[in-house]
Each structure stands twice: as structure tokens, then as C-alpha cells.
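*Asks:* Chain order of the listed sequences is D, W, G and F. Take the first sequence: its position 40, counted from the start at 1, is 40 in UniProt numbering, and no numbers get skipped. Take the second sequence: its position 274, counted from the start at 1, is 274 in UniProt numbering, and no numbers get skipped. Take the third sequence: its position 86, counted from the start at 1, is 86 in UniProt numbering, and no numbers get skipped. Take the fourth sequence: its position 79, counted from the start at 1, is 79 in UniProt numbering, and no numbers get skipped. The C-beta atom is built at its ideal place from N, Cα and C for all residues, glycine as well. Model, not experiment: these values are computed from the prediction.
4 protein chains.
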Amino acid sequence: MTAVAAVKAALRSQAIETPSWAYGNSGTRFKVFAQPGVPRTPWEKLDDAARVHEHTGVAPTVALHIPWDRVEDLEGYAELSEYAQERGLRLGVINSNVFQDEDYKLGSVCHPDPAVRRKALGHLLECVDIMDATGSRDLKLWFSDGTNYPGQDDIRTRQDRLSEALHAVYERLGTDQRMLLEYKLFEPAFYATDVPDWGTAYAHCLKLGPQAKVVVDTGHHAPGTNIEFIVALLLREQKLGAFDFNSRFYADDDLMAGAADPFQLFRIMYEVVRGGGLTSEVAFMLDQCHNIEAKIPAIIRSVMNVQEATAKALLVDGDALHAAQSEGDVLAANAVLMDAYNTDVRPLLAQVREEMGLAPDPVAAYKASGWAEKIVAERVGGTQAGWGA
Amino acid sequence: MTAVAAVKAALRSQAIETPSWAYGNSGTRFKVFAQPGVPRTPWEKLDDAARVHEHTGVAPTVALHIPWDRVEDLEGYAELSEYAQERGLRLGVINSNVFQDEDYKLGSVCHPDPAVRRKALGHLLECVDIMDATGSRDLKLWFSDGTNYPGQDDIRTRQDRLSEALHAVYERLGTDQRMLLEYKLFEPAFYATDVPDWGTAYAHCLKLGPQAKVVVDTGHHAPGTNIEFIVALLLREQKLGAFDFNSRFYADDDLMAGAADPFQLFRIMYEVVRGGGLTSEVAFMLDQCHNIEAKIPAIIRSVMNVQEATAKALLVDGDALHAAQSEGDVLAANAVLMDAYNTDVRPLLAQVREEMGLAPDPVAAYKASGWAEKIVAERVGGTQAGWGA
Amino acid sequence: MTAVAAVKAALRSQAIETPSWAYGNSGTRFKVFAQPGVPRTPWEKLDDAARVHEHTGVAPTVALHIPWDRVEDLEGYAELSEYAQERGLRLGVINSNVFQDEDYKLGSVCHPDPAVRRKALGHLLECVDIMDATGSRDLKLWFSDGTNYPGQDDIRTRQDRLSEALHAVYERLGTDQRMLLEYKLFEPAFYATDVPDWGTAYAHCLKLGPQAKVVVDTGHHAPGTNIEFIVALLLREQKLGAFDFNSRFYADDDLMAGAADPFQLFRIMYEVVRGGGLTSEVAFMLDQCHNIEAKIPAIIRSVMNVQEATAKALLVDGDALHAAQSEGDVLAANAVLMDAYNTDVRPLLAQVREEMGLAPDPVAAYKASGWAEKIVAERVGGTQAGWGA
Amino acid sequence: MTAVAAVKAALRSQAIETPSWAYGNSGTRFKVFAQPGVPRTPWEKLDDAARVHEHTGVAPTVALHIPWDRVEDLEGYAELSEYAQERGLRLGVINSNVFQDEDYKLGSVCHPDPAVRRKALGHLLECVDIMDATGSRDLKLWFSDGTNYPGQDDIRTRQDRLSEALHAVYERLGTDQRMLLEYKLFEPAFYATDVPDWGTAYAHCLKLGPQAKVVVDTGHHAPGTNIEFIVALLLREQKLGAFDFNSRFYADDDLMAGAADPFQLFRIMYEVVRGGGLTSEVAFMLDQCHNIEAKIPAIIRSVMNVQEATAKALLVDGDALHAAQSEGDVLAANAVLMDAYNTDVRPLLAQVREEMGLAPDPVAAYKASGWAEKIVAERVGGTQAGWGA
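1) Using a Cβ-Cβ cut-off of 8 Å, state whether GLY276 of chain G counts as contacting chain F.
2) Please determine if the segment 303-312 of chain D and the segment 37-49 of chain D are in contact, where contact requires at least 3 C-beta pairs separated by less than 8 Å.
3) Since I believe SER81 of chain W is in contact with LEU141 of chain W (beta carbons under 8 Å), could you give me their beta-carbon distance rounded to a whole number of angstroms?
4) When you compare the segment 58-75 of chain W with the segment 49-67 of chain D, are there three or more beta-carbon pairs, one atom per stretch, that lie closer than 8 Å?
5) Assuming LYS213 of chain D contacts LEU240 of chain D under a Cβ cut-off of 8 Å, what Cβ separation, rounded to an integer in Å, is found between them?
6) Closer than 8 Å, CB to CB, is TYR250 of chain F near chain W or not?
7) Looking at C-alpha atoms only, which residue of F:PRO297, F:TYR341, F:GLU182 and F:GLY88 is the closest neighbour of ASP261 of chain F?
8) Going by DSSP, what residue range makes up the alpha helix (DSSP H) through MET269 of chain D?
9) Show which residues of chain G have a CB atom less than 7 Å away from the CB atom of THR343 of chain D.
10) I'd like to know whether the C-beta of TYR191 of chain W is nearer than 8 Å to at least one C-beta of chain D.
11) Within this structure, are the beta carbons of ARG29 of chain W and ARG29 of chain D separated by less than 8 Å?
12) If we call anything under 8 Å between Cβ atoms a contact, is SER247 of chain F one with ALA232 of chain F?
13) For LEU286 of chain W, go through chain D and note every residue whose CB falls closer than 7 Å to its CB, in chain order.
14) Would you call the segment 155-167 of chain F and the segment 181-201 of chain D touching, i.e. three or more CB-CB distances under 8 Å?
15) Anything in the segment 128-145 of chain F with a Cβ closer than 8 Å to a Cβ of chain D? List those residues in chain order, please.
16) What residues in its chain sit with their C-beta under 7 Å from that of THR383 of chain G, if we drop five residues either side in the sequence?
17) Are the beta-carbon atoms of ASP252 of chain D and GLY219 of chain D separated by less than 8 Å?
18) Counting along the chain, where does the alpha helix (DSSP H) carrying HIS167 of chain D start and finish?
19) Going by DSSP, what residues sit across from LYS140 of chain F in a beta bridge?
20) Please confirm whether ASN334 of chain W and PRO360 of chain G have their CB atoms less than 8 Å apart.
21) Within the 8 Å Cβ cut-off, does GLY37 of chain G reach chain F?
22) Output, in chain order, the set of chain W residues within a Cβ distance shorter than 7 Å of THR225 of chain G.
23) So, helix, strand or coil for SER20 of chain G, using DSSP?
24) In terms of residue numbering, what span does the beta strand (DSSP E) encompassing MET285 of chain D cover?
25) Between the C-alpha atoms of SER136 of chain F and GLU228 of chain D, what's the straight-line distance to the nearest angstrom?
26) Can you pull the chain F residues whose beta carbon is under 7 Å from the beta carbon of SER112 of chain D, in chain order?
27) Does the pairing of the segment 353-369 of chain G with the segment 15-33 of chain G give three or more beta-carbon distances under 8 Å?
28) I want to verify the contact list: residues of chain W whose CB lies under 9 Å from the CB of ARG301 of chain D, in sequence order.
29) Along the chain, where does the beta strand (DSSP E) containing LYS207 of chain D start, and where does it finish?
30) Whole-angstrom Cβ separation of ALA15 of chain W and PHE284 of chain W, contact assumed at under 8 Å?
31) Kindly indicate the opening and closing residues of the alpha helix (DSSP H) around LYS105 of chain D.
32) Could you give the uninterrupted runs of the beta strand (DSSP E) lying entirely in the segment 304-362 of chain W, keeping only those of 3 residues or more?
33) Can you tell me whether GLY37 of chain D is helix, strand or coil according to DSSP?
34) Please classify GLN238 of chain D: is it buried, with 16 or more other beta-carbons within 10 angstroms of its beta-carbon, or exposed?
35) Could you pull out every residue in the same chain whose Cβ sits closer than 6 Å to the Cβ of TRP371 of chain F, ignoring the five residues on either side in sequence?
36) If you draw a straight line from the alpha carbon of LEU89 of chain F to that of VAL71 of chain G, how long is it in whole angstroms?
Here you go:
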């Protein structure tokens, strides 16, 4: 296989998971602006996700968020899974939600009250039941747990409570299932978050065992954090489980992946390629909020941005890079990386798409499909999906 | 008058304005946790604000937010004003809101569509009408206007639109009225905010005229920004109109003033004192969100925190400081400032309160008053106030 | 003229000034690593700068830094100017230095001691004398003035002192000369810098008059600051005088322009083009430290990076962008910008260079020239140039 | 023992190590301002350190930095140790330095060239020899290793090299010796630092074994990082080895401990107390640069600041705090912490000092001692100590 053929093969086999909630409404604490045509049910979300996969060819799975995607019972999840398969999709990661019940005002699994902790744990275990029903491999845990004021609760005791809950969930996992632990610097907790950084997530995962892995959400770091360094380290430690892709200029802005700093996304994907992470062992998920832009084309664009970053990463001339690095030639080594980054990979990706039987421009194809008009016309009445439970 | 007497006099005459919305529910984009007893109407908010003033003695005015505090008509605002006066309060700054209507998804006075700009301007002018009815001196303008993506709109054209609207509002002001322009680095806009920093607010205010002043919200800066420097500069330029006090560890966390960095609040108050800003020319307002803590005592605590910072600032030995500064004695000058900061001013403030006929500990007095239990019992049914219109 | 021809013409006429000090040694507080072949005199720096211009065609001027480039007397500067002209160069901006004398430990023009202030002012005025001798248009003022500890000196009084010095220098300027005032958040001052942000520089320049303009150094901002917004604003206010290009991941890292965030450099250049700033009214200067990489090729690479960002900015389809912005089509507007950014402009620039009679790849041409080997062989002995006075 | 007696006992037994290099000159990359009276030799540094201990009573050990404190041979270190003991001091942590030799331009133990790595490792092993001679327990490793440009070197391979060196040093340790691994976000590396955060240091220490511990330098984090959280976690993991105390507003400013954010220092010390870390297992060291202020009194002030933060932390009413936390009373819990913080502990510390036979005000006592004048008069000629090797 030639080098270009290998790059193309890698791009064809890439899988980028889209999140069911990105198809629904979202916003800031100031306002959620509604958009016409937004899905009202998990089924309609899957309908939209199928369009993204239809036009990109690389978005075959959809992440669910419980309870935002709750259906009647476990059988209902199995039916949802079938519904997805009929549309060429599979259900992906199950996302737990222990932050929107009134009980969780001061935390969930780290709450001072053991009754609240039990309730939260119950939800997490229910999510594993759902995984069994959907055939999902991964449970993603993000905890909004934390404190807003110094002294509000005991940082260390909260770690003990967290550890206890994580162990209980880990014990419940099937042998082919994984727990993905996500960290986040802040928001909604404004003083101390209980899993604020990769180190904390890593320390817990290490103790849990090989089925526990860390999730890197690209918007969850302090300013100036070198994310690709973390990626390289976690791959070296065999503890990188997944990405939540999005982009940000300030805090957790949840803009389209690659929109704010495309060079950073490229550097991240380079470390993924370098560390052998371009496999199914690492789940590549989007986790974004399309507050003001049209949702489906924004997701298509994000998928394309991840593809473009991946293509550039694959095009890095590894031999030339290694040679320049070994010689300590700073400028030459940097230039090898930049050569790949500065390449316009859009023609290559258009070619890959055509070889996959797709239109070369997914955004244009989506626009031409009439889907946007169709959902605006048909999805009238009911309650639009959003972050509310 | 002795030095201590002068300090006490300054503390007695201090006025800290509380915001009507802090008495209602608030939260993050993830969840608004409701609290029992929260007011359901502007009148009930004033009832609560009266308690804060009753116990602290230095919170005589309440800021309104339109439309969150909308009443039937202009006569209604006059009645609200009377209602306040009957409770020992006055209505303070009128806050406009051009960020929660569906029309404002892409901005208000900077929106690309002139019809939306006209609508937003209409609201701002309506707020001046309300000021006439309430007798308020100040109109506070905060614009959520901005863009989320590079290229989304033209940064410079938006400045032209902003300028046009500001001039139109300025023209409408009465001779005793002022326009306070607030800046904010980001949120809800995630790429470019149209008034992101003090420089932008200052440049506009300079062109508008002497009735236009800048508002410093302590949570609206980039990490590392030296806020007291900005305060010193704006006072030197006679362009400091008001403070929105709150505190933050990360972004615009809106925690209680003084909770996250009491030393910073002290440094800010020192520059206020130094620059002659401890007068009615500068409005000292709280602008906070009590997402998880009880609201009224949190506001009382915040008022006390501002008082304590002010007391410490007033206690700085100006002569000793000036002498050390003039000699270039870095450590001695710093030590003079720190001596004041390290002083426990709570006994002094307790004394000031007792001399004003108040209980020495406002939080304890509030707890003992039974108000918290009363509002939980009485405010049943109806819709709790919050950020929704 | 076709669109492409216009772009090429703009690229051909671009002028990027290189700083004399970037040819010398530099480092961090931990260590200055010396490089073989580094110039020992201002003349040798010009020899190196001539190589950069020879290979890029767009670096015709060199900024001097006094006293790092001090020569014997004013006649000496005139001779240096001639020397430059003989090599196809001109002397550019004169940079003052009031931060390396032992007297300046607590500041220069803001120092508490009037004797130190007079000394500093004397140096600034001397720099105008040098400008007269070199024919330089611009005096660049960067002050390291500030304080390390709260209370160390009076923030406001320091502004008064600053203002006094700036006025004295402004008065001394010839009618065709300009004063460029640079701001910087921090370093070497660690608490309050006397000109920390664009607002402060702008406020002073406004009072000085039309010959005073603001310098934007791309490394001198708080994390998260939107630099292109500042550029757009200063152009709108006709107060943008110059750029100091470099790049950073953390603080004032002074890496090669475009190396850390090429997308940001593109956005900045887009606002320059949009605001009509691609003229000689704005000086485009590099201000970098090549601590570990070879200096001349690093400067060539930086010039090329600025060219590439400029080319992409010029390629933005203004009509399409305006149309999408007017319709509020967020994704389409962003896509227009990204289309230009994602274009590989290296072939276009290679063509421009060939049309200018240059080699298409300046780095390769420099390598092939043998200059690097020549200076290593010839520049033996003496004291290498660096930041020391 | 009463509560106050226990607090006093804890304060009396506290030990804060001062760094030999803080007595010498330091500065920024722009300038090192020399101060009169600065030591010229390790012996003179110990003379100064003895003054700090004499006046504070809690600074009995001094950290050495090799080669800045290099003496002739191992016997010389033993003599230095005796010299210290004669002055009531002991030699403390040995700090290695693999960042100031020309060979280390691209790194030390992570350098691409194995010869440089061997040289660096040799120095680290030499430092253990010195520990044997001085009787020091701890070896502190800070690596400036990293890269300035993306692609410059391979992030992951550098981790492998780092790991190899750490293991080699660990093997060499005596059974009573420890390795302290320090992390730092950036500077002097400006793209990727090889040990940038606590997670990286922790991961390495975990693999090395129980004698490897993490050092928390309070100035080495990204903006917004919650340092006390890290402290709580490392104590929970039994991996907190030491502190490098200093303070900062922006980057690694190295200001006096407690000068920039005294509330943060208090929160850190609270977690230390809470986590049982106020023992000799955690080394409390200063690591500061007194660039513009007098050095000895600045160090005394820093020691006092750490003492004051410790005193406040010890005064937190643990029972009340625990009760409020358990009930989820956010305001009450925060108030318990703030009560301790707002206490003026200077009288208590004055009392502790008097009970130890010391003057109540160490700064005043130092000033009165005449030492400052003495060293200015006597230390004439020679080369002042500084960061140079």
C-alpha cells in the first residue's frame, strides 16, 4: 500500500461519534435560543444523526445521555438500538447525568448526604443496565460535583466518597464494558471540582483497573494547558479512553471542534497517531453546543474538521521528523510538522469521500438534500429536545 | 475628628446597592436549583432587600432589571418606588436586558438586522422612561452582543452600530441621569464580545460625554487582569461610574463579593479611597448569583465583605505609605498596606453598627428574625422569580 | 487588475521590519545559550538582516535598540544608516531602553525619584536625536515600569509621572516623526505594570495627539484576550501604529510569529486588511527571541509566516462574507473565512517571489547560500551581541 | 493541652527551609539588579540564613543548589555542614541544576543526544553523593526540559528518557533518602514541558516507589488551578513531599510567599493541616526571588507569612466546620473557615516568639541588629552570588 493509500484507508476507517444532545437545543445560563426543526424525541435525534453519517460516512455511532434520551424501559432501549441500526447507525457511549435533579444541588456521588449518594449510584448502575440493552461498550461519567466556596465541604472526604462510588460501578461492569471518567476544571462548580484534571481521573482509573479509562474533553482545561501532552501521556500509560471534541476561546465554550484553534486539534491528532491511538480503543466523540448555528450542518462541519486534522496528522513525514528531532534541528523538525499542517487536505478528503460513494462536499450535499426544510415543516408541536431532563 | 472617627463616619455613610435578581433563583446552564421562599414578584424582592438594609444599615437602594422586574405600566414603577420608600429603601440603577428575546440570538444593538437593532434601542429608551418614573439616576447597559465564530459578523461594523445606539440613548438622558456602560470579556459570546474590556467602554464613554461612565464588574476580566489598576485609571479619568461586585475563581462565577479573593477586594477598595471614589459618584452595587447558598444571608455576607474591605482600606496609614513609597522602600511600603489588611476589622464594624442602632452581627440578627422561616411558609405557589423574563 | 493580481501586488509591497536584537543572543532568566556566528556589532546585525531581505524581498528595514546598538556618536548613526542603504536596507524604528541601568530598579519615567525620571527622559530625547540622524520615522517606547508588590508605589501618581514624560517626548518630535507606545500585561513587573493594556496606551496617546500611536505586541496580553478585536478597534480609532509580531503559548514567550497559533495571526491580518491597515501607516515589525533555534532562518521563517497569514487574509472573499454576515448565516460566514484560512498559499507566495526575481523557498535559498557557515567561521572572538547594554 | 496551647506548640515546632539562592542576586531576563551586601560564597549565604533563623526561630535548615553552592569536594560539603551547625542551622534539600550548561540547550535527561543525557544523570548522581556528605535527606529534581516548538522533539520519547533517568537516580538513593520531583507548567520551555503538572510527577513517582514524592511549587500552575486541591490529593495518596513556597500574580513571579494571595496560602495550609501534612514528612521550603526588595528581610517576611497562614489554618474550628459541612450549610461552613482567616494572628505569633525567647517582631529585630549595614560594609569586592553557575 502506498503512503497515500494508507492515509486514505485510515481516513475511511475513522469513526467519529456524535452526541444525541447536540441535535437538541442548548444555550448559556442567559438564554437557550430555540431552533426550528429540532428533534423532540430520541428517535428524531437518530434520524438527524443518520443524515450526518449519510453525508460524512464516518459518524456511525450516536452517544446517548440519560435521562435526556430516556425511553420507557430497557426493552425500549433495545428498540431504539434497532431503530438506529435500521438507519445505518449504532448506539454508542451511554452518558450518565447526576447533575440535574434538585437533590444534586451539593453534589451527587460526593454529596455529604449518603441518601443522595445512593440515589446517584443507583442512576449510574441503571446506566450499565441500559448499556446491556443497547450493546454499548462505554459508560461515560462526568460529575458536576464540587464546591463553590472554600470550606463548603471537605475536599478529601469527597474523594473518598467518589472512590467508593466508582468502585461500585466498576464492579458492575461486564467484561467487555468500560468506564470512561471525564475531568473538568470548573463549571458548574466554582471553587473546587472533584475531578478537575487528568491527574485526578488518572489516579482513580489506575486503582479501578484496566477497564477504567480517562476522557479528554478539549474544553475542560485551564488556560495554557498543553492538551496534546496529556494525550501523549495517557496513551503512553494506556489510559486514554475517549475524546470529547469541541473548541473554546475562553472557558468550556463548546464551539465546533477545530473552530477556535485548528492547529491545536491537529497537534492533538498528531499525538494520537504517534501514540497508536487511532484505533477503536479510543472513542472519538463530539461534545458540543450549537447555540446559535444550525445544528446538523454544524455537526457535519465538526466531523469534517476532525477529519481534516486527522488527515494532516497522517501526512506528517515521520522519517523526516524523527531525523530532524534526533539531530536537534529545531527549525527543521518544526517545519516537517508545519508542512503537514499547511497542506490543504480538502481535495484528499473529497477524494476519499468519492471513493466511499459519497458526495465530496458533505455540507453542500446536506443542504441539497432538503432535510433541513423537511424537519422544519414536519416537527411542529411537541417539546423540543434540550438539556432539560 | 479623630482618625478612627473619620473611618467610622465613612463606614456609616457607605451605600451598597443590592440587585433585585440576586433574591431570585439563578444557576448555571446545567441547572437552576430552586430555593424555598424565593420571591415571586418585584414587591417580594423589595421585602427581602428591606431585610438586608435593616440588618446592615448600608444597603438602602435596590437595582431593578427590566423586564425581570417589569410591572404593568410607568405608574406601576412609581408605585413600586413608593413601596420601596415605605420600607426604607429607594430604587436604584435600572438594568436593561436585550439578551433574552429570541430576536437577540445574534445580538441586540449590534445585530446585523436593523429591525432587531431598533427593537433593542426601543427597550433601552423604555428603560429611561422607567428611570423617570422611579427617580433612578443611572441606566446600566450590559450587552451580551458578540459573535461565537470568527467571521460570523464584522467586528468593526458592529462597533459602528453600537456607537449609534449609545448616542441615541445618551441623547435621551435627562440632565441628572447617567449611562453606565459595562464591559465583559466573554459569555455568552464565545469569540468576540462587542464591549469586552474597559478600554472599549472608556472609548465609547469618552465620545458620548460626561454623563457616560464605565462599570467595573469584578468578574468580567481575563485571568491575571489587575482590576485595581483599572479602577485607579478610571478614577483618574473621571470615568468610573459604578462597580458590580462579586467574586470568581475562574470565569464570571458570580460568587459572593470577597469570597474568592478578599485581598483583591481590599486592593480595589484601597484604590477607590485613594482616588476619592468613596462618594455617591461611584455606585457600589452587588451583582451576584447565589446558586446553592441561601440568598438573603449571602447578600448580607457580601455587604459585610465589602464593608470589611472598605474598613481596611480606610485604615491604611497614608502618611507612612507615602513616606515608604517616596523612599523606594519596597518592603516597608508593602508592609504598611498589609498591616491594614491583616487587621481584624470585625470589632470596628460591630461598633459602627451598634452606634447606628443595629445588632453587631447582621447574619445572626437575620437568622434570629425568623424571616427565613416566614417566607418559606408564606411564599407558596406562584412562580418563583429568576432570570427568565 | 484581477483579484489574484491584486493579492500578489499587495504581497509584493508588504514590508516587515526585523529587529536588530533578534540576530543576537537571547534567553530566559535561567540561561542565555550562545550560538556560533552571532553578530558582535550593529554592522554585523545589518549584514544578517540584509540576508533576510535578500531572500524574502519584504524585510527592507531594521529596527534599532538603544543602547544595544549604540555607536559612537550621531555621525556614527548616520554612517550606520548609509551602511544599511549600501546593503539594500533602511534603518527603521528606534527602540528606547530604560530598563537595564541599575538606576531603573524601581522604574524609569515613573520612578519615585525625580532624578531617575530625568535620566530616563534624557535617554528618550536622545533617541529622538538618533532618529534625526538615522532618518527613522518612529520612536517605540516600551516601559518596564511597574511594581512587584501591592503598596510598593502609588499607581495613580505613576500615571501622572508617565504622562509628564510622554508629553515631553511628544513635544520634541519632528512633524514627520511618531511616538509608538507599547503596552504589556506583566514582566518584568509582577504586580502592576504602568502601561499594562491597550486601553492605557490608547488613553495616553489620545491626549498626546495624532503623532502618538499604540503598538500591539502579540505576546503582551492576558490569556484569552481577543487580539484581533483590539486591532480592529485601534484601526477604527486611527490609533494603531505598529505590530510587534511574535507568538506565545503561555506568557511573553517571544516565539516565531505564527508558530504557536497560526489561525490567530490570520485573524489579526484579516482585521488589518479589513480595517485598511495594510499601509505604511502601520509598521509591521517582528519582536522575537530565538533562544534555541538558529536565528537568521528563524527570522526568515517568521517573515514567511506573516506573509502566509497576509495572503490568506487577502484571499477572503469579501462579498461572500458580507452576504453571509448580513443574512446572519453563522456557518456560512465562518466557512468563508475558513476557506481562505484552509487554502495552501505557499504556491502563491512562491510565485510572488519568483516574479520578484527571488528563489521560491527563502529558507532553502538561505541554506544554500553558505552564509551560516561563513559567519560561524568568520565571527570568532569579540563579544557576541545580546540583550546586555 | 488547651486548644490554644496546641496551636502554639504546632507553631513552635514548624520548620520552614530557606533557599541559599534567595540570599543572592536574581532578576528577570531583562535585568538582574545587584544589591549591596549580597553574599559571595555559600558560607556567607549561611551567615545570612542564620540571621533569619535567629529572628524567626523556625527556619533551621537551608537548601543548597548545585553548582551555585559548589565547594571544592565532598569534604568541603561536610565542612559546610559543620559551619551551618555552628550557626544553629542544618543543610537541607539538595537541588540539582541541569539547565545552565551550554549542553542543555535542548534538554538534560530528556535531550535527544544520549551523551547529554549521561552528563545530566552524572550530575544528579553527584548530588546524591553530596547528600551523603551533608546528611541531607532530600534530593529535589526540577527539570527545565521541554520544547519550544511543536514537533521539535517527540513528547513521548522524552518521557521514556525521563523515566530512565529517574529510575537510575532512585536506585542510587540511600534508604533514608528521598527524591522530590517538581513540576512546572512552563518556563523556560515554551511549548511542552516534560514535567508540566502534578499528574505527570505523580505518575512517575508512583512507578519509582515510596521514596519518590511530588513537590508543589505554588507558582508553577496554569491560571485558575486550585492548588489546595492538589495538596489534598497528594496527601491522600501519600505522595506530597515538599512545598516550594512563593507567590505570583501572573506566571512564575517568585514573589514573597503570601504576598500575592494570602487567602490562597491559608487555604493551602488548611489542607495541609487537614491532611496531616504538618509533619517532617512534608518539607516546607521557600523558593523565591527578591529582585527588587532587600533579601534578608524579605525572607523573614515570607517565613512570617507562612507562619500566619499556618496559625490561621490551625485555628479553624474543625468541629463546627464538620457539622456545617455535614448539614450542607454552605454559608455556615464557609463562615467557619473565614472566621479563622479573618482573625489577626499577629499577636498570637508575637506571643509564641516571646515564649521561644525571641523578639516579637522579627523584621524590627533584624533591622535593629545592624546586620544589613554590616554586610554592606564588609562584603566588598568579589563576585556576588546569583543564579550563574
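*Replies:* Concretely, from the data shown:
1) Taking Cβ atoms only, chain F never reaches closer than 8 Å to GLY276 of chain G, which makes this a no.
2) The segment 303-312 of chain D vs the segment 37-49 of chain D: no contact.
3) Actually they are not in contact, since the Cβ atoms of LEU141 of chain W and SER81 of chain W sit about 21 Å apart, beyond 8 Å.
4) No, they do not touch.
5) The C-beta separation of LYS213 of chain D from LEU240 of chain D comes to about 6 Å, placing the pair in contact by the 8 Å criterion.
6) Look at TYR250 of chain F: its C-beta is under 8 Å from a C-beta on chain W.
7) Nearest of F:PRO297, F:TYR341, F:GLU182 and F:GLY88 to ASP261 of chain F, Cα basis: F:TYR341.
8) Note, MET269 of chain D: alpha helix (DSSP H), 262-274.
9) Neighbours of THR343 of chain D across chain G, judged by C-beta separation under 7 Å: ASP344.
10) Closer than 8 Å to some Cβ of chain D, the Cβ of TYR191 of chain W qualifies, so yes.
11) In this structure, ARG29 of chain D lies closer than 8 Å to ARG29 of chain W by Cβ.
12) Here SER247 of chain F is not near ALA232 of chain F, since their CB atoms are 8 Å or more apart.
13) Within 7 Å Cβ-Cβ: nothing; LEU286 of chain W doesn't reach chain D, min ~16 Å.
14) The segment 155-167 of chain F vs the segment 181-201 of chain D: no contact.
15) Using a CB distance below 8 Å, no part of the segment 128-145 of chain F faces chain D.
16) ARG40, listed in sequence order.
17) Yes, they are a contact pair.
18) In the DSSP assignment, HIS167 of chain D falls within the alpha helix (DSSP H) that extends over 155-172.
19) LYS140 of chain F is bridged to F:ASN95 and F:LEU180.
20) Not in contact: ASN334 of chain W and PRO360 of chain G (Cβ atoms no closer than 8 Å).
21) Output row for GLY37 of chain G: interface = no.
22) Under the 7 Å cutoff, chain W gives ALA222.
23) When DSSP states are grouped into helix, strand and coil, SER20 of chain G belongs to the helix group.
24) Bounds of the beta strand (DSSP E) holding MET285 of chain D are 283-286.
25) Rounded to the nearest angstrom, the gap between the Cα atoms of SER136 of chain F and GLU228 of chain D is 38 Å.
26) Looking at the sequence shown, residue 112 of chain D is not Ser but Pro. Neighbourhood of PRO112 of chain D in chain F, by CB distance below 7 Å: GLN325, SER326 and GLY328, in chain order.
27) No, the segment 353-369 of chain G is not in contact with the segment 15-33 of chain G.
28) Correct list: empty, because the minimum Cβ distance to chain W is about 10 Å.
29) First-last for LYS207 of chain D: 198-208, but that is the alpha helix (DSSP H), not the beta strand (DSSP E).
30) Contact holds; Cβ gap of about 7 Å.
31) Premise fails: LYS105 of chain D is in no alpha helix (DSSP H) and is neither H nor E.
32) With a minimum length of 3 residues, no continuous beta strand (DSSP E) run stays inside the segment 304-362 of chain W.
33) GLY37 of chain D falls in the coil class under three-state DSSP.
34) Exposed is the label assigned to GLN238 of chain D, since fewer than 16 other Cβ atoms lie within 10 Å of its Cβ.
35) So the list reads ARG51, once near-sequence residues are dropped.
36) Approximately 52 Å between the Cα atoms of the pair.
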